[in-house]
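See structure below.
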Amino acid sequence: MNLSRILALVLLGIALLGFGCGKKAPSDPDKALVAVVDAVKANKPGDLWVLLPPSYQKDVQDVATAATTKLDKELFELAVQVIDKAVVVVDKQGDKLPSPITADQRKLIKDGHAALKDSGLLDYGTVSKLDVAAFLKSGGTKLMVFGIETFKAKDAKGYEEFQKGLDSIQVKIVKTEGDKSELEVTLTGPDGKPTTDKLQMVKVEGCWLPADMATSWKAMLPTVKTQVETGLGELTKNKADVKQALTGILAMLTKAEGGDLTGLDLGPLTGMLDQLK
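Sequential numbering of the sequence shown, starting at 683, is according to the numbering used here.
Listed below in structure tokens is the structure:
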């Protein structure tokens, strides 16, 4: 994947999390892209909200509100109990499981759980009234820091190369005509050789965005909304079965906490951890 595509995806990810362009948005396309890189380097997702259009923020907040206001409080809190108990079991019994969880992995789980709690994402009151932009300035920063620290712990060399790559990024305007601009983005790779790609930018509501992202944004929204509505509908329809399953898992985890690991299956969790080895 080339650099310009990576940067475009970074901006798309930011938009999906709900930032919107504000009064401090850079007026020049090259400065807008540099601002993205600087915020990523500083682990400050909240600083990125000024880079994207207000309508994009509204779109994401609307989707988030549609989802969070329809969350079933009983199922949400039961699921959180399962998560909390699973973390306790992993910490106490992780080395005794059929697929043992290492001390480093146990620490990773505990740290991730703490980051989720600190962010408010395991609290129904917070999630049900989620203000995406406000969340990203607080909880979002904590989760981003955890993600970067996890990357660093998993792949120190890759992390170092990633940071050096960010530090080496240079952006130059090739041409700007009205609300369109072409940038030249240069990145120095691990081999010390620079790679240059072109990135097309457009101005939307006073904010500079990758052209591909601006083109696909409105087309993407109906799919996202449909997926959210479908998922919530299935959850409501099958509430009794979901509640029964969660209750059974919680009971099994409670026994496992005391040392009875009979029938315990942490397959999804250990499968995820395999990716972190």
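We treat Cβ as the ideally placed atom computed from N, Cα and C, and that holds for glycine.
Element boundaries [beta strand (DSSP E), containing residue i]
i, result
"Pro-892", "889-892"
"Pro-876", "876-886"
"Lys-862", "862-870"
Supposed close pair residue i, residue j - CB separation, criterion 8 Å
i, j, result
"Ile-855", "Leu-869", "Wrong, their Cβ atoms sit about 17 Å apart, outside the cutoff."
"Leu-791", "Val-764", "Sequence inspection shows Ile at residue 791; the Leu mentioned does not correspond to that position. Not a contact, Cβ separation roughly 14 Å."
"Glu-887", "Ser-737", "6 Å"
"Leu-760", "Lys-862", "Actually they do not touch by this definition, with Cβ atoms about 51 Å apart."
"Val-745", "Lys-907", "6 Å"
"Lys-880", "Glu-866", "6 Å"
"Ala-960", "Leu-914", "Limits of the chain in this structure are 683 at one end and 959 at the other, which puts residue 960 out of reach."
Those residues which DSSP pairs with residue i across a bridge
i, result
"Asp-729", "In DSSP, Asp-729 forms no bridge with anything."
"Thr-929", "Partner(s): none; Thr-929 has no beta bridge."
"Ile-855", "Leu-865"
Beta-carbon proximity check, residue i vs residue j, cutoff 7 Å
i, j, result
"Leu-812", "Leu-804", "no"
"Gln-743", "Val-814", "yes"
"Leu-730", "Cys-889", "no"
"Glu-864", "Gln-845", "no"
"Leu-891", "Val-719", "no"
"Ser-810", "Lys-824", "no"
"Thr-877", "Gly-871", "yes"
"Val-910", "Ala-896", "no"
"Ala-768", "Leu-932", "no"
"Lys-839", "Gly-728", "no"
"Glu-939", "Val-770", "yes"
"Met-826", "Asn-725", "yes"
"Leu-903", "Asp-741", "yes"
Bounding residues of the alpha helix (DSSP H) (the contiguous stretch that carries residue i)
i, result
"Thr-832", "814-836"
"Ser-810", "806-810"
"Lys-792", "785-801"
"Pro-736", "736-750"
"Lys-755", "755-775"
"Ala-724", "Premise fails: Ala-724 is in no alpha helix (DSSP H) and is neither H nor E."
Taking three-plus beta-carbon pairs below 8 Å as touching, is the segment 708-716 in contact with the segment 774-785?
-> They do not touch, by the three-pair rule.
Counting Cβ pairs, one atom from each stretch, are 3 or more of them under 8 Å apart for the segment 819-836 and the segment 744-763?
-> Verdict: no, contact absent.
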